Amino acid sequence: MTDYDLIVLGSGPGGYVTAIRASQLGLKTAVVEKEDLGGVCLNWGCIPTKALLKSAQVFEYLKQADDYGFQIQEYNPDFNAIIHRSRRVAGTMSKGVNFLMKKNKITVINGYGKILPNKKVEIIQNNKSQTVSASNIIIATGAHSREIPQLKQDGEKIIGYRHAMSLKQQPKSMIVVGSGAIGVEFAFFYSSLGTKVSLIEYLDRIVPVEDVDVSKQLAKSFSKKGMEIFTKSEVFDVKTTTHGVTAKVKTPKGEKEIKADVLLSAVGIKSNIENIGLEDVGIVVDNDKILVDDFYKTNIPGYYAIGDITKGPALAHVASAEGILCVEKIAGHHPEPLDYGNVPGCTYCLPEVASVGLTEQQAREKGFDLKIGKFPFSASGKAQSAGKSEGFVKVIFDAKYGEFLGCHMIGEGVTDLIAEAVIARKLETTGHEMLKAIHPHPTLSEAVMEAVADAYGEVIHL
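Under our numbering, the first residue of the sequence shown carries the number 482, and numbering increases by one thereafter.
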């Protein structure tokens with residue numbers, strides 16, 4: 482006899498969602514968590530960063546109050562209050578997950594979990610240890626900020642994302658190394674509040690996983706806000722003092738020395754797979770990732786892995802989808818493997834960035850004959866009314882069969898709009914079907930329809 486049908490190691494958006502779905506399917510389930518319920522995403526990632534970014538967005542509106550017919554004489558950001566609100570939002574959401582655990586009769590075991598052979602888990606808390614067993618164990622331990630030798634984090638002058646959202650005072654200047662989602666979101670947040678930001682990217686453009694047109698638009702928007710951007714650049718040496726940091730940077734124009742109060746390292750993440758018992762159990766790891774099949778089985782029967790510790794995209798919604806699929810398979814259902822080609826990506830700076838499917842460059846490299854449509858928000862009545870007209874929607878179709886290959890957006894509210902493209906691609910909707918689906922007016926969603934119309938030579942408002 483085992484203690485549980487399922488033990489989930491980690492309670493992030495992969496772990497807690499997995500546990501709830503398992504409970505719904507009738508599995509006696511436990512979750513092991515060493516910190517707060519909700520994991521990094523809820524406590525130190527997705528949710529509190531969005532709270533910070535909302536404060537920055539409100540401040541942006543205040544700076545543009547004249548454009549909306551308001552005269553506001555004084556407005557100043559209260560940095561500590563902004564940070565406090567972010568932590569409060571995270572705390573509220575964590576309590577919500579705790580409620581969901583109780584509602585679904587899931588046992589929560591606090592402590593550091595380590596898997597053992599024979600489908601057991603040891604949990605250590607306050608120098609005390611207990612061991613529990615289960616028919617199935619799902620590892621969902623997530624990831625943390627990756628450190629590189631020249632950017633060793635000290636938590637004060639060279640920091641990672643955790644410290645970036647809980648600084649005691651706003652820095653006057655900041656160097657952000659890395660322009661993925663984490664880097665550009667914090668670059669926008671601090672720049673909006675008045676911090677002088679230098680954004681450094683090793684590759685030839687910021688947000689390099691996005692479509693080239695999106696990267697160009699975001700760089701233009703950030704430069705307009707006063708941000709200094711360095712691409713094809715590399716930090717090769719950093720010196721810290723009590724007053725700040727000095728970074729030596731190789732740029733296409735030669736070496737440059739940049740000084741700032743603090744440096745944020747946003748050069749990626751590293752899987753949390755150390756010291757959790759993988760070697761003891763014999764689970765195979767390759768290049769910092771646990772190897773799994775289409776239904777997240779490891780090489781050892783009864784052990785599974787989902788989320789950032791596997792080879793899929795390190796995104797909260799991917800971890801949740803993987804966990805649901807995994808437990809449905811365990812429960813005897815017949816789910817289809819996840820389509821990683823239809824996973825949306827969202828970045829919550831302003832303007833927002835959202836995408837799904839192939840970029841134009843990727844589609845051309847695959848040999849497709851393309852129909853491409855683009856509709857700028859400057860031609861959108863809703864965007865103009867909102868005073869947020871920068872950006873565009875870009876759609877990519879296969880000219881031969883009408884397959885919806887990709888969608889790329891930058892602008893106000895596009896992280897909500899992208900779901901339309903995800904569903905359309907899931908249902909194998911063609912461009913003509915999207916074009917004939919009536920979109921409400923005036924809305925930002927019309928930009929999707931108009932971009933499709935542009936691809937097929939039927940655009941009205943351009």
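Glycine residues also receive a C-beta, built at the ideal position from the N, C-alpha and C atoms. These figures come from a predicted structure and were not determined experimentally.
According to the DSSP assignment, Asn607 belongs to no alpha helix (DSSP H), since it is labelled neither H nor E. Take Ser567, set aside five residues on each side of it, and the residues of its chain with a beta-carbon closer than 7 Å to its own are Pro529, Ala532, Leu533 and Met646, in chain order. Ser673 has its alpha-carbon roughly 31 Å from the corresponding atom of Glu516.
Less than 7 Å divides the Cβ of Val695 from the Cβ of Val834. In this chain, Asp635 is not harboured by any beta strand (DSSP E), its DSSP state being neither H nor E. Residue environment for Met482: exposed (fewer than 16 other C-beta atoms within 10 angstroms of its C-beta). When DSSP states are grouped into helix, strand and coil, Gly550 belongs to the coil group. The beta carbon of Ala668 sits closer than 6 Å to the beta carbons of Val657, Val678 and Leu680 from its chain, once the five residues preceding and following it are set aside; these are given in chain order.
Here Thr588 carries a strand assignment [DSSP, helix/strand/coil].
Cβ neighbours of Ala812 within its own chain (closer than 6 Å, five residues either side excluded): Leu506. By a beta-carbon distance limit of 8 Å, Val808 contacts Leu508. Their separation comes to about 7 Å.
Its Cα nearest to that of Gln606, the residue Gly594 stands out among Asn617, Val613, Lys600 and Gly594. Taking a C-beta distance under 7 Å as the contact criterion, Ala932 and Ser861 do not qualify as a contact pair.
For Ile618, the pairing in a beta bridge is given by DSSP as Ile488 and Tyr784. With a minimum length of 3 residues, the unbroken runs of beta strand (DSSP E) contained wholly in the region 851–918 fall at 851–857, 873–879 and 885–892.
Secondary structure of Tyr593 (DSSP, three-state): strand. Bridge pairing for Met655: Val678 and Val743 [DSSP]. DSSP places Cys830 in the coil class of the three-state scheme, outside both helix and strand. Between Thr732 and the set Val748, Ile710 and Gly838, the nearest pair of CA atoms involves Ile710.
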